[in-house]
Amino acid sequence: KSFWPIVAAVGLGVGFVGYCIYFDQKRRNAPEFREKLKAKRKKQKQHTSHSNEDFTIDSSNPEEMRRYFLEQIQRGEDCLSRGDLDNGVDHL
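Counting from 1, one number per residue, gives the positions in the sequence shown under the UniProt record's numbering.
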């Protein structure tokens, strides 16, 4: 009685792992995969270097901190409204 559900669960698990391996192999063998990956990493590295420039505020000045905080929230909301989720989350 309890033998078939176990067989079905194992079969589904093996099928899912096979599906993941197949599509990962297909993705890795795509000719433009490495170029896209390098471009994405370069863009992310440039974005990180630009975002570090924003942290030059005087933390002892509460008014400047408040202004900076509100500015970042506004930037995040603007990015999210344009559909730029990565930058929107970075600002929020």
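Each residue gets a CB set at the ideal place from its N, CA and C atoms; glycine is no exception.
Owing to the predicted nature of the structure, the values given are computational and were not obtained by experimental measurement.
Distance between Ser59 and Asp86, taken at the CA atoms: about 26 Å. Secondary structure at Ser2: coil, using DSSP grouped into helix, strand and coil. Short of 6 Å from the beta carbon of Leu12, and not among the five residues preceding or following it, lies no beta carbon of its own chain. Taking the CA atoms as reference points, Asp90 sits about 28 Å from Asp24. The C-alpha of Pro5 lies about 42 Å from the C-alpha of Arg34.
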